[in-house]
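Report on the structure given below.
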DNA sequence: GCAATCGACTCAGAAAGATCTGT
DNA sequence: AACAGATCTTTCTGAGTCGATTG
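Numbering (the UniProt record's numbering), first residue to last: 1 to 421.
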């Protein structure tokens, strides 16, 4: 199977760039009737118009269902949602027909099917640049802006709640503090056939360590089984409240045993219309970026501005615990970079030595030694594999010594070039 | 009345693919 | 000019959130 896939890959790679582009354009033309939808008289791009093909389910982290077969979806499994007078899209597989055609104006999906692994709903939606998506995206940020007007009151309220006699109020107030301060997700309960991950409301005693007087260490698997590891100095009241909630409980017990995500959200809605736990993430991420960008120095050029922006944006990613695993070849690439760096430094030393020597002797040229990588010897009649092998040989071959005489100007030019890098 | 389940939506990381850049 | 490697963009689909429905 692997061999087959490898050879398919090689076949694809062998197609010249121009032809590949042509193939791509033709394919785009062919699928156009599936990728564009008319919504309220306007053409909109469709997001995922291809049905997920059969595969072995993998899942993220330690998923109980990993390895199960995700079965093929047939037209009969699919419900189409279109306007009542619109023509039904032609079924692309001869001899088959759509399972159901309906006209539901209250939802935004175009097609629906059931996932054979989880029995969950899967949809075809419009793309992110569609009216439906952009309007709801804008509404999300407006809601976060609205929270800005309520936040002081809400914070005052939960600080008071830490000391409440009512355990439910205490749980809710401490949980809300964590959601606000650490941008934790709300953390719905999860089932037996899902990976064991948690959010705020599902935190267990085993996920926390208390370091008096006021530091809490968090260590748990969050969404996508991404580890959240953070040692935080928290407000004293929250510390005491949280510690009290963890006391007399087993390590596998829920900290917020009486709190549910829906009761928390219900409470939030009583404080501000439309407020839910996830709004705090949007709010705090946006506010953090805004604050960091404002305290920016005077970046001179676009390049510096970009570096600055990316740096601040990374801070927000840290707040939200967004992280990507390193690419497979990362170590190798870093290794190559450091070798290159060393070589460049050595070359710089040699150039500087030559410059000094010329200055001392008042000559206008000097002998320099450069260590260079041999060039691959590529012949026109070589096959792709032979070329690759030759390139590999050249890149792994020892450095060659090249001695040459350089004029003073070219030495200075070379030094400047190294500094540019 | 309430816990469990469902439906519809956003969020998110991996991998594939396209494009850019330096040699 | 060609090519390889780096980087940026897109695709894919699994993993959440949250309100509604159901038993």
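Positions of the beta carbon are idealized from the N, C-alpha and C atoms, including for glycine. These figures come from a predicted structure and were not determined experimentally.
Residue i (DSSP reduced to helix, strand or coil)
i, result
"residue 82", "coil"
"residue 217", "strand"
"residue 409", "helix"
"residue 370", "strand"
"residue 105", "coil"
"residue 7", "helix"
"residue 121", "strand"
"residue 449", "Nothing about residue 449 can be reported from this structure: the residues present for the chain run from 1 to 421 only."
"residue 45", "strand"
"residue 60", "coil"
"residue 185", "coil"
"residue 33", "helix"
"residue 356", "helix"
"residue 348", "helix"
"residue 126", "strand"
"residue 190", "coil"
"residue 24", "helix"
"residue 325", "coil"
"residue 289", "helix"
"residue 273", "coil"
"residue 260", "coil"
"residue 415", "helix"
"residue 90", "coil"
"residue 278", "helix"
Range of the contiguous alpha helix (DSSP H) that encloses residue i
i, result
"residue 312", "302 to 319"
"residue 139", "131 to 161"
"residue 242", "236 to 246"
"residue 170", "167 to 182"
"residue 36", "Per DSSP, residue 36 belongs to no alpha helix (DSSP H); it is in the beta strand (DSSP E), 36 to 39."
Boundaries (first-last residue) of the beta strand (DSSP E) holding residue i
i, result
"residue 100", "100 to 102"
"residue 77", "Unbroken run through residue 77: none, as it is neither H nor E."
"residue 111", "111 to 114"
Rounded separation between residue i and residue j - CA only
i, j, result
"residue 145", "residue 283", "7 Å"
"residue 143", "residue 279", "7 Å"
"residue 122", "residue 48", "10 Å"
"residue 285", "residue 44", "30 Å"
"residue 261", "residue 228", "20 Å"
"residue 175", "residue 288", "21 Å"
"residue 348", "residue 415", "6 Å"
"residue 182", "residue 79", "41 Å"
"residue 188", "residue 197", "10 Å"
"residue 21", "residue 184", "44 Å"
"residue 50", "residue 346", "54 Å"
"residue 90", "residue 6", "35 Å"
"residue 343", "residue 369", "12 Å"
"residue 156", "residue 46", "45 Å"
"residue 371", "residue 2", "41 Å"
"residue 201", "residue 223", "13 Å"
"residue 203", "residue 29", "50 Å"
"residue 233", "residue 239", "9 Å"
"residue 110", "residue 118", "21 Å"
"residue 70", "residue 215", "45 Å"
"residue 236", "residue 352", "59 Å"
"residue 194", "residue 319", "26 Å"
"residue 25", "residue 126", "21 Å"
"residue 82", "residue 302", "46 Å"
"residue 190", "residue 39", "36 Å"
"residue 100", "residue 57", "26 Å"
"residue 245", "residue 256", "7 Å"
"residue 218", "residue 179", "13 Å"
Counterpart residues of residue i in DSSP-defined beta bridges
i, result
"residue 211", "215"
"residue 267", "BP columns for residue 267 are empty, so no partner."
"residue 283", "BP columns for residue 283 are empty, so no partner."
"residue 204", "254"
"residue 232", "216"
"residue 294", "BP columns for residue 294 are empty, so no partner."
"residue 361", "Partner(s): none; residue 361 has no beta bridge."
"residue 70", "55"
"residue 400", "372"
"residue 227", "221"
Any non-hydrogen atom of the ligand FAD within 7 Å of residue i CB
i, result
"residue 110", "Because no ligand of any kind appears in the structure shown, any question about the ligand FAD cannot be addressed here."
Given 8 Å as the limit, is there contact between the region 162 to 175 and the region 295 to 308, that is, 3 or more CB pairs closer than that?
-> The region 162 to 175, when compared against the region 295 to 308, does not touch it at the 8 Å Cβ threshold.
Kindly confirm or deny that the region 355 to 370 and the region 404 to 413 touch, where touching means at least three C-beta pairs closer than 8 Å.
-> With the cut-off at 8 Å, the region 355 to 370 and the region 404 to 413 touch.
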